[in-house]
Amino acid sequence: MNNLSVKLTNPIAKAVIDALANGDPEAWFSLFTTDAELYDDGNKQDFIKWSNGVLKNHEHFTSIDRVKDNGLTLYGRYHSDQWGDFSTYFKVHLNKENKVIRLEVGQAN
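The opening position of the sequence shown corresponds to residue 258 in the numbering used here, with each subsequent residue numbered one higher.
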């Protein structure tokens, strides 16, 4: 378990952050529907391509500073070898089966 995810109260959001931190594609993709959507700074992206990129490049949160929406929205510091360190948010949207149907990410103010 990623010790940063301890602040997360929703088990699915926590698993998403742990899979990302561990660079674990099997765990990551198992949490999402086959038609999951990804929005980066409000722009729809290819979910598979984006996911493979962040997992391969070991992108991760370095801190989780705030959690909202029953644990499904989180804000914190994020590290990317390509883009550096910055404040970001992840908003996780679940379907009735508790699979992630949509993930919104972006730079936070």
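Where a beta carbon is used, it is the ideal one built from N, C-alpha and C, also for glycine.
- It is roughly 5 angstroms from the alpha-carbon of Thr-266 to the alpha-carbon of Gly-328.
- Around the Cβ of Ser-287, a 10 Å sphere holds fewer than 16 other Cβ atoms; the residue is exposed.
- Between Thr-345 and Val-357, the CB-CB gap reaches or exceeds 8 angstroms.
- In the DSSP assignment, the residues bridged to Val-357 are Phe-289, Leu-351.
- Classified as exposed, Phe-343 has fewer than 16 neighbouring CB atoms from the shown chains inside 10 Å of its CB.
- Secondary structure note for Asn-309: its alpha helix (DSSP H) is the uninterrupted segment 304–313.
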